[in-house]
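Let me begin by presenting the structure, written as structure tokens, before commenting on it.
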Amino acid sequence: ECCDNIEKEVFKDLGYDGPYEYGRKYYGRNQYVEFHVGNLPIVLSAPHDGDLEPVEITDRSYGVSVTDTNTKKLTLAIKNAFLTKFGKTPYVIINNLKRTKLDANRDSIEGAQGNRFAKRAWEEYHYYVEESKKKIIKDFNYGLFLDIHGHGANPDGFYDLRSWLGYLISGDELQLSNIELNKSKYENKSSIKTLSYLSDNSFIEVLRGKNSLGEILDSLGYRSVPSINDPSTEGKFYYSGGFNTLKHGSSNSGGPISSIQLELPKPGVRETETDWKNYSNALVIALEKYFKIHYGIDL
Numbered sequence: 003e004c005c006d007n008i009e010k011e012v013f014k015d016l017g018y019d020g021p022y023e024y025g026r027k028y029y030g031r032n033q034y035v036e037f038h039v040g041n042l043p044i045v046l047s048a049p050h051d052g053d054l055e056p057v058e059i060t061d062r063s064y065g066v067s068v069t070d071t072n073t074k075k076l077t078l079a080i081k082n083a084f085l086t087k088f089g090k091t092p093y094v095i096i097n098n099l100k101r102t103k104l105d106a107n108r109d110s111i112e113g114a115q116g117n118r119f120a121k122r123a124w125e126e127y128h129y130y131v132e133e134s135k136k137k138i139i140k141d142f143n144y145g146l147f148l149d150i151h152g153h154g155a156n157p158d159g160f161y162d163l164r165s166w167l168g169y170l171i172s173g174d175e176l177q178l179s180n181i182e183l184n185k186s187k188y189e190n191k192s193s194i195k196t197l198s199y200l201s202d203n204s205f206i207e208v209l210r211g212k213n214s215l216g217e218i219l220d221s222l223g224y225r226s227v228p229s230i231n232d233p234s235t236e237g238k239f240y241y242s243g244g245f246n247t248l249k250h251g252s253s254n255s256g257g258p259i260s261s262i263q264l265e266l267p268k269p270g271v272r273e274t275e276t277d278w279k280n281y282s283n284a285l286v287i288a289l290e291k292y293f294k295i296h297y298g299i300d301l
């Protein structure tokens, strides 16, 4: 490898920096990854807004390399909004490497592309997520993993200014009728399978009915797909969730942690500090309601 001049460097075992204490911040090697230890049943993940470009990591040669602007600031604003409202915080994992160096929302092969320093950062990222999930399961039994992203103009140039909530239900599947989409095969493949099973609401209600996250956010002024008013993107471009949403949610496996990918537009959500503070406050209100209704958990 061209840039790995310290081939002899021996990495410490993952977890050497534990046990992880609430309120503290931990860093992986070279601060490529950061981990804020929380005490709420929520994990926030920001894989695509790093700015570090170390020489020791060669640029990735294939796959997407676009930065999701301000998603790190937005993620930290969400953490602070929880702290202000509840005096408690979610767990937060941030990738500080530029996406040209590491994509923490792909498997390690595509994400790190053979560079051992990038792969180490990838392993740290997902280790911190797994440690967060274990602690949440111990403290609350159930929880929610949110992968924070930003979307820009679609390939055809249309900029959809709605938020896209990804549950591993494709854009085409969202065009199905409520009766069809309410079938267990869709519930089981969704990233919120366990949350839906636990909820008194039917799957379609949890996905896009009055108690869906999209509908609650819509009522707070943030149009979201799927929701009652916007059940699908009507065949237009849409992201239904990526590697992290699958890896860290309850799709198929039915694990205790469910997941949702938040794909957020820039205007009105992550363009200015006012935007991301306002959105964060709304998301905290929405999640408080969402947890109470579906999990029976008071945040």
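Remember, my numbering sits 2 above the position in the sequence shown when you count from 1. Where is the CB? At the ideal position from N, CA and C, for every residue including glycine. None of the values given here were measured: they were computed from a predicted structure.
Where L285 sits in the DSSP three-state scheme
Here the question's residue 285 lines up with position 283 in the sequence shown. In the structure shown, L285 sits in a helix (DSSP, three-state: H, G or I).
Could you tell me which of N98, F88, T73 and I44 sits nearest to Y28, measuring between CA atoms?
Indexing the sequence shown from 1 puts residue 28 at position 26. It is N98 whose Cα lies nearest to the Cα of Y28.
Hey, how far is the Cα of E3 from the Cα of Y93?
Walking along the sequence shown from the start, residue 3 turns up at place 1. Walking along the sequence shown from the start, residue 93 turns up at place 91. In this predicted model, E3 has a pLDDT of only 44, less than 50, meaning its place in the structure is not dependable; the value taken from the coordinates is given anyway. As the crow flies, the alpha-carbon of E3 is around 35 Å from that of Y93.
So what does DSSP say about G168, is it helix, strand or coil?
The count along the sequence shown starts at 1 and reaches residue 168 at position 166. G168 falls in the strand class under three-state DSSP.
Given this structure, state the Cα-to-Cα distance separating D149 from I138, to the nearest angstrom.
Taking the first residue of the sequence shown as 1, we reach residue 149 at position 147. Taking the first residue of the sequence shown as 1, we reach residue 138 at position 136. As the crow flies, the alpha-carbon of D149 is around 17 Å from that of I138.
L167 and P233 - do their beta-carbons sit closer together than 8 Å?
In the sequence shown, the residue the question calls residue 233 occupies position 231. In the sequence shown, the residue the question calls residue 167 occupies position 165. No, Cβ-Cβ distance for P233 and L167 is not below 8 Å.
Option nearest N283 by Cα separation, candidates G257, R210, F88 and S192:
What you label residue 283 is simply residue 281 of the sequence shown in a count that begins at 1. When each option's Cα is compared against that of N283, the closest is F88.
Where V66 falls, given that 16 or more other Cβ within 10 Å makes a residue buried
Taking the sequence shown and counting its residues from 1, one reaches residue 66 at position 64. When all chains shown are included, V66 counts as exposed.
Would you report the Cα separation of E133 and A123, rounded to the nearest angstrom?
The count along the sequence shown starts at 1 and reaches residue 133 at position 131. The count along the sequence shown starts at 1 and reaches residue 123 at position 121. One C-alpha to the other measures close to 15 Å.
What is the rounded straight-line gap between the Cα of R164 and the Cα of H151?
Position 162 of the sequence shown, counted from the first residue, corresponds to residue 164. Position 149 of the sequence shown, counted from the first residue, corresponds to residue 151. Taking the straight line joining both Cα atoms gives about 13 Å.
Using a Cβ-Cβ cut-off of 6 Å (strictly less than) and excluding sequence neighbours within five positions of F37, which residues of its own chain qualify?
Position 35 of the sequence shown holds residue 37. Correct list, in chain order: Y28, I95 and Y130.
Less than 7 Å between C-beta atoms, sequence neighbours within five positions excluded: which residues of the same chain meet that for S253?
Position 251 of the sequence shown holds residue 253. Closer than 7 Å at Cβ, skipping near neighbours: L170, K191, S192, S193 and K195.
Buried versus exposed call for F293 [16 or more other C-beta atoms within 10 Å across all chains shown]:
By 1-based counting over the sequence shown, the position of residue 293 is 291. Buried, since its Cβ has 16 or more Cβ neighbours within 10 Å.
With a cut-off of 8 Å, do at least 3 Cβ pairs link the region 202-222 to the region 230-247?
Taking 8 Å as the limit for Cβ pairs, the verdict is that the region 230-247 does touch the region 202-222.
Do you know offhand how far E236's Cα is from S226's?
Here residue 236 is taken as the residue at index 234 of the sequence shown, counted from 1. Here residue 226 is taken as the residue at index 224 of the sequence shown, counted from 1. It is roughly 13 Å from the alpha-carbon of E236 to the alpha-carbon of S226.
beta-carbon G20 near the ligand ZN non-hydrogen atom, thresh 7 Å:
Because no ligand of any kind appears in the structure shown, any question about the ligand ZN cannot be addressed here.
Let's test the definition: count the other Cβ atoms within 10 Å of the Cβ of F147 and tell me whether it reaches 16, buried, or not, exposed.
By 1-based counting over the sequence shown, the position of residue 147 is 145. With 16 or more other CB atoms across the displayed protein chains lying within 10 angstroms of its CB, F147 is buried.
Have a look at A79 and L289 and give me their C-alpha separation to the nearest angstrom.
Along the sequence shown, one-based indexing puts residue 79 at 77. Along the sequence shown, one-based indexing puts residue 289 at 287. Their Cα atoms are separated by approximately 15 Å.
Taking only three categories from DSSP, how would you classify C4?
Position 2 of the sequence shown, counted from the start, is the residue given in the question as residue 4. Confidence in C4 is poor, its pLDDT being 48 and thus under 50, which makes the residue's placement unreliable; the coordinate value appears in the next sentence. Three-state result, C4: coil.
At which residues does the beta strand (DSSP E) containing S260 begin and terminate?
Here residue 260 corresponds to residue number 258 of the sequence shown, with the count starting at 1. Following the DSSP letters along the chain, one finds S260 inside the beta strand (DSSP E) bounded by residues I259 to P267.
Skipping 5 residues on each side, what residues in its chain have a beta carbon closer than 6 Å to that of H296?
Sequence index remark: in the sequence shown, residue 296 carries index 294 (1-based). If we look at H296 and ignore the five residues flanking it on each side, its Cβ neighbours are L197 and S201.
Is F160 buried or exposed, if buried means 16 or more other CB atoms sit within 10 Å of its CB?
Walking along the sequence shown from the start, residue 160 turns up at place 158. Its Cβ having fewer than 16 others within 10 Å, F160 is exposed.
Which residue or residues does DSSP assign as beta-bridge partners of V45?
Position 43 of the sequence shown holds residue 45. Residue pairing by DSSP puts V45 in a beta bridge opposite Y93 and F147.
Reducing DSSP to helix, strand and coil, say where E36 ends up.
Along the sequence shown, read from residue 1 onward, the residue named residue 36 stands at position 34. If DSSP states are grouped into helix, strand and coil, E36 belongs with the strands.
Do the CB positions of I59 and N117 come within less than 8 Å of each other?
For this step, residue 59 is matched to residue 57 along the sequence shown. For this step, residue 117 is matched to residue 115 along the sequence shown. The answer is yes: Cβ separation under 8 Å.
Determine the direct distance from the alpha carbon of N82 to that of K268, and round the result to whole angstroms.
Looking up residue 268 in the sequence shown gives position 266. Looking up residue 82 in the sequence shown gives position 80. Annotation: K268 to N82 spans about 20 Å, alpha carbon to alpha carbon.
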